[in-house]
Each structure stands twice: as structure tokens, then as C-alpha cells.
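Protein sequence lines correspond, in order, to chains A and B. Using this note's numbering, the first residue of the first sequence is number 1, and each one after it goes up by one. Using this note's numbering, the first residue of the second sequence is number 1001, and each one after it goes up by one. Cβ coordinates follow ideal geometry from the N, Cα and C atoms, glycine included. The structure under discussion appears below in the form of C-alpha cells.
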Amino acid sequence: MPPLARRNLFHDKVRLTVTLTGIVFAVVLIVVELGLFVGFTQTTSSLIDRSGADLWVTSLHVPYVELGVPFSERKLYQVRAVPGVEAAEKVVVRWTDWKRPDGRQESVQIVGMNPDTALAQPWNLVAGNVQDLKQPDAVIMDDIYKGKLGVSGVGQVFEIGHHRARVVGFTHGIRSFTTSPYVFTTFKKAQTYANLADDQTMFILVKVAPGADVNQVRQGILANVRDVEAFTSHEFSRMTQFYWMFTTGAGVAVLLAAALGLVVGFVVVAQTIYATTMDHLREFGTLKAMGAPNSYVYKVILTQAAISAVIGYFLGMMVSVFVVHASQEGGAAILLPLPMAVGIFFLTLLMCTGAAMVSITKVTRLDPAMVFKN
Amino acid sequence: MKPAIAVRELVKTYTEGASVVAAIRGVDLDVYPGEVVMLVGPSGSGKTTLLSLMGCILSATSGSVRIAGKEVGKLGEKELPRIRLQHIGFVFQGFNLFPTLTAGENVELMLDLKGVRGEAAHARARDLLEQVGLGEKHASFPSDLSGGQKQRVAVARALAGDPEIVLADEPTAALDSKTGSNVMEMMRRLAHERGRAVAVVTHDSRVMRFADRTVRIEDGLIAKKRPEFALGLAAGDASLAGQTA
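Laid out in C-alpha cells, this is it:
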């Protein structure tokens, strides 16, 4: 087939630029919004997903990790006694106050754990190490929030919950979905900072022994420990994600914005492909007069749309990768996992070919006798 | 000899609001292989409508159109393109070349519709352009060609499908006298040397001499021969065969 579609597309550089701009705009908007959604979703549950635990034991009726309710730490020993439990540790996750050097208060989420185990440890450490938390009043925070919390470096002293705290290390990229950064410390210090009683914990994290069935261990905990619930990490992660993304409406807003990007892109692309088709209407009429079936003409129009989609997608992705990279230094990470990138390619293709259908409708009704009108 | 095109009692009406306008009001006409038939007449007389009906671009309101012996008058929108593709080549007043394709690609487009592709299409397009004296313009875009050259490319494209019938609508209207004559000479050779049935709608009295037969259309009918009309025609105005009053 002579390259009619390609030539038509590249013939008018201005229109091509407008078409590609529309597609690039749509692709970037979709990547940013969906990437934010994915980033937010992962952020809400990152503490659970990276905890290394198989089970989270909580008080009754805890809907997500930030809403833990204190319970007696003596249940730890009951949990450890359940067959199949390899390790169990007390963990605190609780809101408290951080006092900056300038006197301003910020809210933080204190995460207290045992530095000698593998459960609920901070990750991506870029300064200090977990064992440094054994020093008096030691805390580790994420360097993204240095500005927010008024921290300039290791060794600075602050107040958390009206108690002395000293920064001994930094992680990088541990974001909080809320405006309250995670601050890691030992379980004992966390009890102090979070104003918990000495015999209380918020969660018990369980590592199941190799070969043991997670669900059986869970049932064992529920049978042997009163007034607690036990969730697999996957369940608790989904509960937390669902709460923040859908119960609060935050995720719906982001998804709506992504849908809006798709609609805006569709309209821009439909308009430009329609205009391109109208520009070449006489040629399509000639094609039909020559005996081309409608399907042949559709093929030309759809090919134009597909070429636009492919070029627009790759240009859009180039911009998107830059945006995604830039976002890694901010408080809201935009993520672009490979399956999402592939999905957006097909979405772009669908958007462009769908937009082309608008002009195909016009061509279907085209009277080939128009070729005799000058 | 069987006619390449045979129309009988052909009627075409259009609805404009509440009124019905008859563009063609009962035409009988045969066009034979090897002849050039000129369709002449005043603007709005129905010449182009008749050409469109003969070319299966329009469907008749009533009457019969036979192309290469096959009745096509009752065929639907899906079948007519196939008939056009198989039997008819078109040459238009405005050339209707694809501006984004080269001369060669314009011809190859027709070949592509006929299922000829790749190197075979390339060679055939070049051959056709050489036949119309434009072999060296194979890679030129229409914007780089003169009016006469464009129309010759259009003729080459019309011939690419190897049609028995060539229908031309004012093929010389946008051309100067000499170029128009060259194009019409090409049409005449198509008919006489290659046995194509050629029907040409024209207002251009300069090219009447290329006609084997001239048919005058007035008010949607084939007009009776009138002396003043006959005087204005060249020797090719042999008869008004198939006329209806």
C-alpha cells in the first residue's frame, strides 16, 4: 500500500505538531495521575509491605495501620507460644508531635521496633545504621522530610512528644501518605514518645516458621489470644490502601484526574485527526470513486491514528520519565512500573483509534460523487 | 458488438425539501468499446449525473445500467465500489491526485486496490507513466507537475486498473488548448488502439474533434439533433444513437 497515511500525517507539520502535542499531553497527564495513584497506594502501605512480617496482630476493629489501638504487650508471649510462630515482636506505630528548632510543631508517626530483629526495620538507609538506634534518644528519619522537620544533619537534637530525640541516621524514599513522616526508633523509646503505657504495644508482628502455614498460624493466634485480630501482611496492606485511597476519596480524585486526562487527550486527538481527515476528504472521496471499499479508507485513517499514537506515546514517555525522575526528590512519588507503561501504550493506541472513529463516521457517509464537484 | 455501457430508461431524481428534482429523465444510451463519446450540454443539464450513473457512483432512481453486460442499476453501496474497481477508470477535471504521494505512488494506489503490490506494482506504475510520457516524473509530487502532466498522471492512474471503460469529467477544463488536445489525443488512442470505451463530459468545444460520437444532454434528456448544434461540432459527431426525446 502506498504510504498515504504516513504522508498525509507528515504533510502538514503544524497539524502534526498539534496532534502529537495533544497525545503527549494526554500521555503525560495519565502517567502523572496514574503514577501518583500507584505511588500513593504503595506509600500508604509501605510500612506493612516492607515490615518483613507474615502476620500483623492488632486490637479488635483496627481498620488500617495508622489507627492501631494499644493493647497489653503480655499478649506477645501468648503469640510466641502459638505453634508455627518463628518470631514475634512488639511494634508501635502512632502519631505524635515533633518540635522543630524554631519552635514550630509538626506531626510525625513514630515507629518503634526491636533493632535486633528483622521486623519493621527502616530501609534504604543513606546515613547511620539500625544499630545506632540503641544509642540514647536515637531516631532515624527520611531525608525527604529534612526541610519539613527542620533537620539539617545527623546529631541534631529535637523534641518528640516532649521528650529528647537525636537524629542518628537517614533513610531515603520512605514516604508517608499523610503529612506526618515516619520516624523510627526503638520500641521502648517509641512508648515514651507516643505516650504509651510501659506494658502496651500497638501491634505484634509475626514471622511464621519455615514450612508452617500462615493461615493455620493465624487461626492458632485467634484461638489462643483473646481480643485481638490477626491479618496477613497482604490483607492488612490492602485494608490500609483501601482506606486511604477510597474511603478518604483521595484515590478516587486521582483516578478521576487520570480519566480527565484521557478525556482531554481523546478530545484533542479526535479534533485533530478529524481536522486532518476533513483536509483530505476529497482524496478519500476520490479513493471511494476509484472503487476503494470503506474498509480501505478506514485503514488509511486508522493507520494515521496508530502512527500518531506510537510517536505521541514515545514522546510522552520521554517527558513522563523526566517528570517521574524529578518526583523522586519530592514528597509525592510518581511511579511508572513497566506493566503500567505497557498498559498506557495500549490505552494511547485505543484513545487515538477511538478518536479516529469520529472521522470514520464522516467518511462512511461520504458521497463519492463529490469528486465531480469543483 | 456488445456495448460496454448500456443505459435504458434511466431516471435519477433528487429530493430537495418538499420537491422532487429530476436530474435524468429517461435516458437510453450505449457506449461501445473503441469509441470516444462526448457528453455535451449546458450547465445543469445532467451530463455529470449521467456520467456518475454510468460510473456506478450514483444509484439510479429507476431504469437500467449495464456495465460489461451486467446489470448494476439495482446494486447497493457495497457492491458498486467493486464494479467501479473492476471495470471503470475515472479522469477528473481537478485531476484529484493525492498531493502527498508521488506520481508513481498515485498510480500504485490504484494497483494496490486491484491487489497488485510490491515490485510488480512499482514496475507497472513506471510502465504506465512511460506510456503517458512521464516516465522521468515517477518520483515527482503533483505540486511539481504542470496541469497537463497531472492530468496525464490521472490518465495513467485510471488505466492502472486495466478498465474496459474510462469516464472523464471535463478532463481539459483546467488545461490550455495544446495540453488539452494532448490529453484528448491520449483518450482517443485509448479507445481506438486499445479498445476502451471512453465517455467524456465536456464544455470545451476545442476538443470536440476527438469525438467519435457526440451526445447532447438538455434538461436531463438526450436532445434531438439540431442543425446549429451539429454545425458547431467536428466530424466526430456521427450520430445521436440511442437518443430519446
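Exercise for the section: Establish whether the CB of residue 372 (chain A) and some CB of chain B are separated by less than 8 angstroms. Expected result: What you label residue 372 (chain A) is simply residue 372 of the first sequence in a count that begins at 1. True, the Cβ-Cβ gap to chain B drops below 8 angstroms.
Problem - Element boundaries [alpha helix (DSSP H), containing residue 343 (chain A)] - result: Walking along the first sequence from the start, residue 343 (chain A) turns up at place 343. Run containing residue 343 (chain A): 338 to 364, per the alpha helix (DSSP H) assignment.
Practice task
Indicate whether at least one CB of chain A lies closer than 8 angstroms to the CB of residue 1052 (chain B).
Solution key: What you label residue 1052 (chain B) is simply residue 52 of the second sequence in a count that begins at 1. So, interface residue.
Practice task
Drop a sphere of 10 angstroms on the beta-carbon of residue 1235 (chain B), count the other beta-carbons inside from all chains shown, and report buried for 16 or more, exposed for fewer.
Solution key: Your numbering for residue 1235 (chain B) matches position 235 in the second sequence. Unreliable placement is indicated for residue 1235 (chain B), whose pLDDT of 39 sits below 50; the coordinate value is still reported in the next sentence. So residue 1235 (chain B) ends up on the exposed side.
Handout entry: Reference residue 224 (chain A); option with closest CA among A:71, A:86, A:19 and A:77
Key = Mapped onto the first sequence, residue 224 (chain A) falls at position 224. For residue 224 (chain A), the nearest C-alpha among the options comes from A:77.
Handout entry: Rounded separation between residue 3 (chain A) and residue 1109 (chain B) - CA only
Key = In the first sequence, residue 3 (chain A) corresponds to position 3, counting from 1. In the second sequence, residue 1109 (chain B) corresponds to position 109, counting from 1. Approximately 9 angstroms, taken between the alpha carbons.
Problem - Buried or exposed (CB count within 10 angstroms, at least 16 for buried), residue 375 (chain A) - result: As displayed, chain A neither begins before 1 nor continues past 374, which places residue 375 (chain A) out of reach and without an answer.
Problem - Environment of residue 1112 (chain B) [buried if 16+ CB atoms lie within 10 Å] - result: Here the question's residue 1112 (chain B) lines up with position 112 in the second sequence. In summary, residue 1112 (chain B) is buried, with 16 or more beta-carbon neighbours lying within 10 Å of its beta-carbon over all protein chains present.
Problem - residue 1142 (chain B) at chain A interface by Cβ criterion, 8 angstroms - result: On the second sequence, position 142 is the one that residue 1142 (chain B) refers to. Chain A, which has no Cβ nearer than 8 angstroms to the Cβ of residue 1142 (chain B), makes this no.
Practice task
For chain A, find out if any of its Cβ atoms is closer than 8 angstroms to the Cβ of residue 1112 (chain B); answer yes or no.
Solution key: Numbered from 1 along the second sequence, position 112 holds the residue referred to as residue 1112 (chain B). Yes, its Cβ sits closer than 8 angstroms to a Cβ of chain A.
Handout entry: Option in B:1189, B:1095, B:1023 and B:1069 with minimal Cα separation from residue 1210 (chain B)
Key = The residue you call residue 1210 (chain B) lines up with position 210 of the second sequence. Each of B:1189, B:1095, B:1023 and B:1069 was checked against the Cα of residue 1210 (chain B), and the nearest Cα belongs to B:1189.
Problem - Rounded separation between residue 1044 (chain B) and residue 261 (chain A) - CA only - result: Working through the second sequence from its first residue, we reach residue 1044 (chain B) at position 44. Working through the first sequence from its first residue, we reach residue 261 (chain A) at position 261. Each residue's alpha carbon lies about 51 angstroms from the other.
Problem - Coarse secondary structure for residue 123 (chain A), derived from DSSP in three states - result: Here residue 123 (chain A) refers to the residue found at position 123 of the first sequence. Coil, per DSSP.
Practice task
Report the neighbours of residue 1169 (chain B) on chain A: residues whose CB is nearer than 7 angstroms to its CB, in chain order.
Solution key: Taking the first residue of the second sequence as position 1, residue 1169 (chain B) is located at position 169. What residue 1169 (chain B) touches in chain A, judged by beta-carbon distance under 7 angstroms, is 372, going in chain order.
Exercise for the section: Kindly list the residues whose CB is nearer than 7 angstroms to the CB of residue 1207 (chain B), restricted to its own chain and excluding five residues on each side of it in sequence; keep chain order. Expected result: By 1-based counting over the second sequence, the position of residue 1207 (chain B) is 207. Excluding residues within five positions, the ones whose Cβ falls inside 7 angstroms are 1172, 1180, 1181 and 1184.
Exercise for the section: Give me the Cα-Cα distance between residue 96 (chain A) and residue 271 (chain A), rounded to the nearest whole angstrom. Expected result: Position 96 of the first sequence, counted from the first residue, corresponds to residue 96 (chain A). Position 271 of the first sequence, counted from the first residue, corresponds to residue 271 (chain A). A direct Cα-to-Cα measurement between residue 96 (chain A) and residue 271 (chain A) gives close to 53 angstroms.
Exercise for the section: Within the segment 1018 to 1054 of chain B, note down every full alpha helix (DSSP H) run reaching 4 residues or more, in order along the chain. Expected result: Within the segment 1018 to 1054 of chain B, the runs of alpha helix (DSSP H) that reach at least 4 residues and sit entirely inside it are, in chain order, 1047 to 1054.
Exercise for the section: Out of A:212, A:345, A:311 and A:330, point me to the one whose CA is closest to residue 10 (chain A)'s CA. Expected result: Translated into the one-based positions of the first sequence, residue 10 (chain A) becomes position 10. Shortest Cα-Cα distance from residue 10 (chain A) to any of A:212, A:345, A:311 and A:330 involves A:311.
Problem - Own chain partners of residue 1006 (chain B) with C-beta closer than 6 angstroms, once the 5 adjacent residues on each side are dropped - result: Within the second sequence, residue 1006 (chain B) is the residue found at index 6, counting from 1. So the qualifying residues of the chain are 1030 and 1066.
Exercise for the section: Kindly indicate the opening and closing residues of the alpha helix (DSSP H) around residue 327 (chain A). Expected result: Indexing the first sequence from 1 puts residue 327 (chain A) at position 327. From DSSP, the alpha helix (DSSP H) with residue 327 (chain A) extends over 294 to 327.
Practice task
Measure the alpha-carbon distance for residue 384 (chain A) versus residue 26 (chain A) and round it to whole angstroms.
Solution key: For chain A, the structure presents residues 1 to 374; residue 384 (chain A) sits outside this window and is missing.
Exercise for the section: Out of A:215, A:171, A:214 and A:161, state which residue places its alpha-carbon closest to the alpha-carbon of residue 153 (chain A). Expected result: Mapped onto the first sequence, residue 153 (chain A) falls at position 153. Nearest option by C-alpha distance: A:171.
Practice task
Compare the C-beta of residue 1136 (chain B) against all C-beta atoms of chain A and say whether one is closer than 8 angstroms.
Solution key: Stepping through the second sequence from its first residue, residue 1136 (chain B) is reached at position 136. At a cut-off of 8 angstroms between beta carbons, residue 1136 (chain B) makes no contact with chain A.
Problem - Near-chain B residues of the segment 283 to 296 of chain A (beta-carbon distance less than 9 angstroms), N- to C-terminal order - result: With the criterion set as a beta carbon lying under 9 angstroms from some beta carbon of chain B, the members of the segment 283 to 296 of chain A are 283, 285, 286, 287, 288, 289, 290, 291, 292, 293, 294 and 296, in sequence order.
Problem - Cutoff 6 angstroms; reference residue 234 (chain A); Cβ partners in own chain excluding five residues on either side - result: Taking the first residue of the first sequence as 1, we reach residue 234 (chain A) at position 234. Spatial neighbours of residue 234 (chain A) in its own chain (CB-CB distance under 6 angstroms, excluding positions within 5 residues in sequence) are not present.
Practice task
Express the C-alpha separation of residue 114 (chain A) and residue 141 (chain A) in angstroms, rounding to a whole number.
Solution key: Here the question's residue 141 (chain A) lines up with position 141 in the first sequence. Here the question's residue 114 (chain A) lines up with position 114 in the first sequence. For residue 141 (chain A) and residue 114 (chain A), the gap between their C-alpha atoms comes out near 16 angstroms.
Problem - Check whether residue 273 (chain A) and residue 19 (chain A) have beta carbons under 8 angstroms apart - result: As a working mapping, residue 273 (chain A) is identified with position 273 in the first sequence. As a working mapping, residue 19 (chain A) is identified with position 19 in the first sequence. A contact, by the Cβ cut-off of 8 angstroms.
Problem - Whole-angstrom distance between residue 363 (chain A) and residue 297 (chain A), CA atom to CA atom - result: Working through the first sequence from its first residue, we reach residue 297 (chain A) at position 297. Working through the first sequence from its first residue, we reach residue 363 (chain A) at position 363. Cα to Cα, residue 297 (chain A) sits roughly 8 angstroms from residue 363 (chain A).
Practice task
Given a cut-off of 8 angstroms, decide if residue 92 (chain A) and residue 187 (chain A) are closer than it, judged by their beta-carbon atoms.
Solution key: Position 187 of the first sequence, counting from 1, holds the residue named residue 187 (chain A). Position 92 of the first sequence, counting from 1, holds the residue named residue 92 (chain A). Taking a C-beta distance under 8 angstroms as the contact criterion, residue 187 (chain A) and residue 92 (chain A) qualify as a contact pair.
Practice task
Tell me, please, whether the CB atom of residue 1096 (chain B) is closer than 8 angstroms to any CB atom in chain A?
Solution key: For the purposes of this step, residue 1096 (chain B) is taken as the residue at position 96 of the second sequence. Closer than 8 angstroms to some Cβ of chain A, the Cβ of residue 1096 (chain B) qualifies, so yes.
Exercise for the section: Starting from the Cα of residue 1009 (chain B), find the closest Cα among B:1064, B:1047 and B:1057 and give me that residue. Expected result: Here residue 1009 (chain B) refers to the residue found at position 9 when the second sequence is read from its first residue. If you compare the alpha carbons of B:1064, B:1047 and B:1057 with that of residue 1009 (chain B), the shortest gap goes to B:1064.
Handout entry: Limits of the unbroken beta strand (DSSP E) element including residue 1 (chain A)
Key = Here residue 1 (chain A) corresponds to residue number 1 of the first sequence, with the count starting at 1. No residue range can be given for residue 1 (chain A), since it is assigned to no beta strand (DSSP E) and is classified by DSSP as neither H nor E.
Exercise for the section: Taking only beta carbons into account, state which residues of the segment 6 to 26 of chain A come closer than 7 angstroms to chain B, listed in chain order. Expected result: Within the segment 6 to 26 of chain A, the residues whose Cβ lies closer than 7 angstroms to some Cβ of chain B are 7, 8 and 11, listed in chain order.
Problem - Closer than 8 angstroms to chain B by CB, residue 369 (chain A) - result: Position 369 of the first sequence holds residue 369 (chain A). Residue 369 (chain A) counts as touching chain B.
Exercise for the section: Report the rounded CA-to-CA distance for residue 218 (chain A) versus residue 63 (chain A), giving the unit in angstroms. Expected result: Mapped onto the first sequence, residue 218 (chain A) falls at position 218. Mapped onto the first sequence, residue 63 (chain A) falls at position 63. Residue 218 (chain A) and residue 63 (chain A): Cα-Cα distance of roughly 18 angstroms.
Practice task
Kindly indicate the opening and closing residues of the beta strand (DSSP E) around residue 90 (chain A).
Solution key: Here residue 90 (chain A) refers to the residue found at position 90 of the first sequence. 85 to 99 is the extent of the beta strand (DSSP E) around residue 90 (chain A).
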